[in-house]
Every structure is written in structure tokens, then in C-alpha cells.
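Here the structure is laid out as C-alpha cells; the discussion comes afterwards.
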Amino acid sequence: MGKNKKRKSKGVVISAAVLVVLWILWVALMYYLLLPAWNIHSSGLWLFLILVCGLPAGLLGLVQMGICATSADVKDYGRYALPANIAFSISGILFLVFFIMMIQGAKMFHASAYASILSAEEYDFTEDIDQARALSQIALMDTDSAILLGNREIGGLSEVVSQYNVSENYSQIDYQGSPVKVSALDYAGFFKYMGNKENGIPGYVKVDPVGQNADYVALEEGMHYVPSAYFSKDLRRHLRAKYPTKIFGNLHFEVDEEGNPYYVASVYKYTIGIFGGETIEGAIICNPVDGAAEYYPVAEIPQWVDIVFEGDLLVEQYNWNGKLSNGFWNSVFGKKGCKKTTETVQGDDEDGSYAPDYGYVAKDGDIWIYTGVTSVNDDASNIGFILVNERTAEAHSYTIAGADESSAMSAAEGEVQEKGYQASFPSLINVDGQPTYVMVLKDAHGIVKLYAMVNVESYNKVTTAASLDDCFRKYRKLIGTAEDTDTVEEDEQESSVKEQEEENLVTENYTFVIAEIRYVEIDGNTWVYLLAEDGALYKAKFADNEGLIYLNAGDEVSADCIKGKETALEMKSFQVK
616 MGKNKKRKSK GVVISAAVLV VLWILWVALM YYLLLPAWNI HSSGLWLFLI LVCGLPAGLL
676 GLVQMGICAT SADVKDYGRY ALPANIAFSI SGILFLVFFI MMIQGAKMFH ASAYASILSA
736 EEYDFTEDID QARALSQIAL MDTDSAILLG NREIGGLSEV VSQYNVSENY SQIDYQGSPV
796 KVSALDYAGF FKYMGNKENG IPGYVKVDPV GQNADYVALE EGMHYVPSAY FSKDLRRHLR
856 AKYPTKIFGN LHFEVDEEGN PYYVASVYKY TIGIFGGETI EGAIICNPVD GAAEYYPVAE
916 IPQWVDIVFE GDLLVEQYNW NGKLSNGFWN SVFGKKGCKK TTETVQGDDE DGSYAPDYGY
976 VAKDGDIWIY TGVTSVNDDA SNIGFILVNE RTAEAHSYTI AGADESSAMS AAEGEVQEKG
1036 YQASFPSLIN VDGQPTYVMV LKDAHGIVKL YAMVNVESYN KVTTAASLDD CFRKYRKLIG
1096 TAEDTDTVEE DEQESSVKEQ EEENLVTENY TFVIAEIRYV EIDGNTWVYL LAEDGALYKA
1156 KFADNEGLIY LNAGDEVSAD CIKGKETALE MKSFQVK
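Position one of the sequence shown corresponds to residue 616 (this note's numbering), numbered consecutively onward.
Structure representation (C-alpha cells):
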């Protein structure tokens, strides 16, 4: 009988050892996957300790208690009940402390501290926004349009498109004095990574949001440390190994002035209590080719880096200032002097919700976010605007009353309502001293069709045109700041330039199968748009070749097209195969 007791006790000990080993393996696996920062300010670390370490330990303790209950020695049950109770108690205490720290840093107790994190200095709009360079500084293209152009650009690169995808996480940067959007390629799944990990990611896509075109940039050496890689080459895992205590996020792709690729991870800090007053203390810059990484405080970040303070964070910080400057309870009840950034519908019109939105402006070699400022009463009008530098968080404010962005977008759409185009979120420019919204109008396929300008103070003053320069000239005539003679001379100059461009155009032959045909009226001319089965878009003016009327969906076409001129490749000649 004594031998049976010893044998059962030994079995209980072995089962306890197995459960402990399983728990340790579970914790190691979860840390490998979740990668929390070893930092008291990291909410992810607290949740990791509570949910991944403490709670499973308690559950395994309960399992062990069940095993002990079958033992003939009742002492075994009591021996293993204590560890289970301790594990549950530790989890409960950690959760209680976590909850108290969350409450301790709440806006209710620190309104003035939150309001002081970001404040905007008043500037004169006409002096701060330079009209002479306005058209070259504005980035009108949204991410959806950039994705469309980027996918089209690599669509003809068979070796690339079969193994990689273009990441949809485009970054708006200032490249050699002009705004561009850039995005690296991603591995197209685990097995594609395993087959290409020795070579790495071969390049990235660069999109011109002003000229509405895209280029694929091939690299001499592939990028190995990227977000879409696995195991030790996963970029987040690589950075966590180098900086285990840093709280980083907003991991995005940028290029320097020579076109060399880098990933930038903003490093966060919390200035109010343990979890309150989120802001940025610096950035980690990583070379994805060799994995070399270096941390820089905000004041020492290189000039070519454009995004350190992401737009969503800057908008949130400005709203803290706008709503909490006169105290927390005023922001809830009286709302005296409360203001916020403007909001637009996110998602479909029917079920979408309102959320902050903003545009981009290239200024002084940096990218600044732009958004309007309105009262908290949602009265469809702005009381001013702000520009905030995404590298330094320097903020400029302008006191200008007028229509908000949503009203301007509706005014532009109403100008061509028969076409059903949708306006992008506008940017703000200075036209002869008058603040002006400028935006693009897109069709249902996301193709840019027109440009629009709307006067901020009188949003019934609207012009649209097929090119940004034409829209600018028409708008100046509308507001009475352009001479007719000047306009004629500009038109003649533009015509001469276009003729010269036509002579120097490079054409390339494309073969495709037509999936859909659309006829579009633009400035009195009928254009035929052909959507290919591979997603590429082609167009031709109907007056130049009336044989287009005989084309049907399913036809295979060979066409000579102007290479890389616009979003839709313009066909100079074609034949049905």
C-alpha cells in the first residue's frame, strides 16, 4: 500500500513538472509572437504579464489540483492548491494595479497637461504659404489612388508580380524637394518568402501624386529585414531584439535623398502618469538591406526623414489642446472655446462614421499635415486651419473663417454631379492671397478625372479642369486676379510645350484582353476607356479613331501607347488580334 502511495506521489510530481514546462514554453511562444517592450509604460507588457503569464499559470495549477485529487495522499492536493491560488492572486493584483494606473493618467485629472503637449503658434497665411511654389508642393493623391498606380506599374514585371505584392502602406514623403508616395514590395506569402529570402525584396514603388504616375525602383541589393519577412528577418522582431525596452510603433518605409531604402519606427513615451500623454521621444532608423539600426532623439533625427509624428497622433494631440485648454469639465458641459479638427466620413456614405482626416503639404523640405479647425458643434464651417510638421511636431495655425472640407468636397462634386465623380480630401493653397481648397475628382474606378479648386471663404466659387494648371488659371479668372491677356499668353505657351512633348513621346506596345469599355466626356471630347483583364487601363480619343466603336469586351488588342504619361495609358494606334 505504501508503494502505491509513493508511486502516485511520484506521478503527481512528474505531472506538475510537465505542466510547468508547458507553461514556460507557452510564455516563450507568446513573447516571441507579441514582442512586448520591457517598459513599465507599455500597456502591452502589462497585458502580457496578466493574460499570458499569470492566468495560464493559475489554470495549469487547477489542472494539477485535479490530478492531485485522484491521489490517495490528501496532502498532495493541498500542496498544489497553494501555487494555483498564488498565480490567480498575482494576476488579479496586476490587473487591479493596471486599472488604477489607467485611471490615474486620465484627462479628467490632467486636462492642462494634455492641453500643453501640442500648441500651435499663430502665423499669417499669405506669408507662410508661398504661392509661387504652391502647385508643386501639394500632394493631392490619396492612398487608394497610389495603390492603383503602384499595382499597375509592377503589373508588367512578370518576375516581380509573381513573387511579391506592393505594400498598401504608402508613406507620403518629400523627395528631392517634391512630394512623393513610396511603398516597398512585400513577400506574397510564407512560401514565396522561403523561395526568395536569399535575394530579399528587390525594390520599391515611387508614386508622383502631382503628375499622377508611378515608377518601380529596382535595388542593387535586396532588402532582407522587412515587415513581411519571417523569423529573425521579421523587422519588428529584429528591432525588438536590438531595443527591448523601446515602445515603438508607426513602422513605415521611407527613402533618403539618394533613393536608398530605410524603415523608420517612431519611439513613444508617456508624459502623464504611466499610460497618459502619449507623444514621441525619437525614432529608430533601420537599413533593411543589412539590418543596421540606430536610435535618434527627436532633435537629432536626420533632415531627410519625414514621418516621426504620425498624422493621427498629431490630430489627437491638437484636439487635446482644443478641447481641454479651459478644463475637462468645460469640455464635457459648457464647451466654451472648445474646438477640434474637421472630420469626414470614413467608409461608405450609408454606414460610414465620421473621423478626423487631413491632407499633406511639402514645405521647407518636410511633410506637414494640413486640416481645418472647427467648433465642437459641427456647424459645417471652419474657424481656421493648422499645419503640423510630421518630423518635428512644429505647428502653425491660421485664423481663416470659411467652409469646412466636407462642404468644399460637396461643392466640387456638385459642379460635375452628372458624372458622379467623388472628391478626395482637399489640400490648402494660397492663390493671390486667397485661401483655396484644391482636390481631385475620381470616377468609380478610382481614376483621377478632374481637378477642382474651391474658395474657402466663398465656396460657391468653384472651377474644374482636366489639368491642375488649367484649373489654376480658370480659378484666377473666376476670382478676378488674372488678366485675359496673361491667360492667352499662358495658353499659347502651354500649347507650344504640349506640341514639343508630343514630338518627344516614347511609345511602347502592349497586348491585352478587354474586360470593360467605358465612354467618358471630358471638356467636350469623347474618350474611350478600356479596362484590361489584368487591371491596366487604356484610353483613346474617339475623334482620333472612330474604329474604337467596334471594340467589344473579350477582344484581344495590340496597341502602341504613350509610355508612362498618365494613369491610363493613351493609345496612339491599335489593332484587334
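Positions of the beta carbon are idealized from the N, C-alpha and C atoms, including for glycine.
(request) Output yes or no for whether 8 Å exceeds the beta carbon distance between C1176 and T1096. (result) Sequence index remark: in the sequence shown, residue 1176 carries index 561 (1-based). Sequence index remark: in the sequence shown, residue 1096 carries index 481 (1-based). No, Cβ-Cβ distance for C1176 and T1096 is not below 8 Å.
(request) May I have a chain-ordered list of the alpha helix (DSSP H) segments no shorter than 4 residues that lie completely inside the stretch 1055-1101? (result) Runs of the alpha helix (DSSP H) inside the stretch 1055-1101: 1083-1093.
(message) Here's the rule: buried if 16 or more other CB atoms are within 10 angstroms of the residue's CB, otherwise exposed. What is Q918?
(response) Residue mapping note: residue 918 aligns to position 303 of the sequence shown, counting from 1. Looking at its Cβ environment, which holds fewer than 16 other Cβ atoms inside 10 Å, Q918 is exposed.
(message) Tell me the DSSP secondary structure of G967 in three-state form.
(response) Locating residue 967 in the sequence shown gives position 352, where the first residue counts as 1. The predicted position of G967 is uncertain, since its pLDDT is 49 and thus under 50; no value can be drawn from it.
(request) Check whether the Cβ atoms of T989 and F1040 lie closer than 8 Å to each other. (result) Sequence index remark: in the sequence shown, residue 989 carries index 374 (1-based). Sequence index remark: in the sequence shown, residue 1040 carries index 425 (1-based). Cβ distance not < 8 Å, so T989 and F1040 don't count as in contact.
(request) Helix, strand or coil for W983, going by three-state DSSP, please let me know. (result) Here residue 983 is taken as the residue at index 368 of the sequence shown, counted from 1. Assignment of W983 by DSSP, reduced to helix, strand and coil, places it in the strand class.
(message) On the DSSP letters alone, give me the boundaries of the beta strand (DSSP E) that N811 sits inside.
(response) For the purposes of this step, residue 811 is identified with residue 196 of the sequence shown, where counting begins at 1. For N811, there is no enclosing beta strand (DSSP E); the enclosing alpha helix (DSSP H) has its first and last residue at 805-811.
(message) What does DSSP give as the partner residue(s) for R1006 in the beta ladder?
(response) Residue 1006 sits at position 391 when you count from the first residue of the sequence shown. Per DSSP, none; premise fails for R1006.
(request) Give a yes or no on whether the C-beta atoms belonging to D972 and N997 are separated by under 8 Å. (result) Translated into the one-based positions of the sequence shown, residue 972 becomes position 357. Translated into the one-based positions of the sequence shown, residue 997 becomes position 382. At a Cβ-Cβ threshold of 8 Å, D972 and N997 do not count as neighbours.
(request) Just the C-alpha distance for E1072 and A721, rounded to the nearest angstrom, thanks. (result) Here residue 1072 is taken as the residue at index 457 of the sequence shown, counted from 1. Here residue 721 is taken as the residue at index 106 of the sequence shown, counted from 1. Straight-line Cα distance between these residues: approximately 38 Å.
(request) Whole angstroms is fine: what's the gap from Y1066's alpha carbon to G888's? (result) Taking the first residue of the sequence shown as 1, we reach residue 1066 at position 451. Taking the first residue of the sequence shown as 1, we reach residue 888 at position 273. Distance from the CA of Y1066 to the CA of G888, rounded to the nearest whole angstrom, comes to 48 Å.
(request) State whether the stretch 781-789 contacts the stretch 804-817, with contact taken as three or more CB pairs (one from each stretch) at a distance under 8 Å. (result) With the cut-off at 8 Å, the stretch 781-789 and the stretch 804-817 do not touch.
(request) Out of Q827, I1015, N1045, state which residue places its alpha-carbon closest to the alpha-carbon of G1061. (result) Here residue 1061 refers to the residue found at position 446 when the sequence shown is read from its first residue. A check of alpha carbon separations from G1061 across Q827, I1015, N1045 identifies Q827 as the nearest.
(message) Distance check for Q1032 and F1087, CA to CA, integer angstroms please.
(response) Taking the first residue of the sequence shown as 1, we reach residue 1087 at position 472. Taking the first residue of the sequence shown as 1, we reach residue 1032 at position 417. Approximately 21 Å between the Cα atoms of the pair.
(message) Could you tell me the alpha carbon to alpha carbon distance between R855 and A652, rounded to whole angstroms?
(response) Looking up residue 855 in the sequence shown gives position 240. Looking up residue 652 in the sequence shown gives position 37. Each residue's Cα considered, the two are about 7 Å apart.
(request) Assign W919 to one of three DSSP states: helix, strand, or coil. (result) As a working note, residue 919 is residue 304 in the sequence shown. If DSSP states are grouped into helix, strand and coil, W919 belongs with coil.
(request) Along the beta strand (DSSP E) that carries H725, what are the first and last residues, could you check? (result) Position 110 of the sequence shown, counted from the first residue, corresponds to residue 725. Per DSSP, H725 lies in no beta strand (DSSP E) segment and is marked neither H nor E.
(request) Go ahead and label M1068 buried or exposed: buried means 16 or more other beta carbons lie within 10 angstroms of its beta carbon, across all protein chains shown. (result) For the purposes of this step, residue 1068 is identified with residue 453 of the sequence shown, where counting begins at 1. With 16 or more neighbouring CB atoms inside 10 Å of its own CB, M1068 falls in the buried class.
(request) Consult DSSP for E1131 and reduce its assignment to one of helix, strand or coil. (result) The sequence position of residue 1131 within the sequence shown is 516, counting from 1. In this structure, E1131 counts as strand in the three-state DSSP scheme.
(message) Applying the 10 Å Cβ sphere with the 16-neighbour rule, what's the burial state of P912?
(response) Indexing the sequence shown from 1 puts residue 912 at position 297. With fewer than 16 other Cβ atoms inside 10 Å of its own Cβ, P912 counts as exposed.
(request) Look up I655 in the DSSP assignment and say whether it is helix, strand or coil. (result) Within the sequence shown, residue 655 is the residue found at index 40, counting from 1. In the structure shown, the three-state DSSP call for I655 is coil.
(message) If you measure between the beta carbons of F868 and V797, is that distance less than 8 Å?
(response) As a working note, residue 868 is residue 253 in the sequence shown. As a working note, residue 797 is residue 182 in the sequence shown. Yes.
(request) Please work out which residues of its chain come closer than 6 Å, Cβ to Cβ, to Q1190, disregarding the five sequence neighbours upstream and downstream, and give them in chain order. (result) Here residue 1190 refers to the residue found at position 575 of the sequence shown. Excluding positions up to five away in sequence, the list reads S1173.
(request) Can you give me the Cβ contacts of M1186 inside the same chain, cut-off strictly under 6 Å, excluding the 5 residues immediately before and after it? (result) Taking the sequence shown and counting its residues from 1, one reaches residue 1186 at position 571. The answer, listed in chain order, is Y1153, A1155, A1174, C1176.
(message) Tell me the rounded alpha-carbon separation between A977 and A754.
(response) Stepping through the sequence shown from its first residue, residue 977 is reached at position 362. Stepping through the sequence shown from its first residue, residue 754 is reached at position 139. The straight-line gap from Cα to Cα measures roughly 8 Å.
(request) Name the two residues that bound the continuous alpha helix (DSSP H) containing S946. (result) Sequence index remark: in the sequence shown, residue 946 carries index 331 (1-based). Here the alpha helix (DSSP H) through S946 covers 943-947.
(message) Helix, strand or coil, according to DSSP, for F1040 in the structure here?
(response) In the sequence shown, residue 1040 corresponds to position 425, counting from 1. DSSP places F1040 in coil when its eight states are reduced to three.
(request) Taking only the alpha-carbon atoms, compute the straight-line gap between E1128 and L1184 and give it to the nearest angstrom. (result) Taking the sequence shown and counting its residues from 1, one reaches residue 1128 at position 513. Taking the sequence shown and counting its residues from 1, one reaches residue 1184 at position 569. One point to set straight first is that residue 1128 is Val, not Glu, in the sequence displayed. Roughly 15 Å between the two C-alpha positions.
(message) Please return the same chain residues whose Cβ sits closer than 8 Å to the Cβ of S1042, not counting the five positions on each side in sequence.
(response) As a first step, residue 1042 is located in the sequence shown; it is residue number 427 there, counting from the start. I753, A754, L755, G974, Y975, V976, Y985, Y1052, V1053, M1054.
(request) Label Y883 either buried or exposed according to how many other C-beta atoms from any shown protein chain fall within 10 Å of its C-beta, with 16 as the threshold for buried. (result) The residue given as residue 883 occupies position 268 in the sequence shown. Classified as buried, Y883 has 16 or more neighbouring CB atoms from the shown chains inside 10 Å of its CB.
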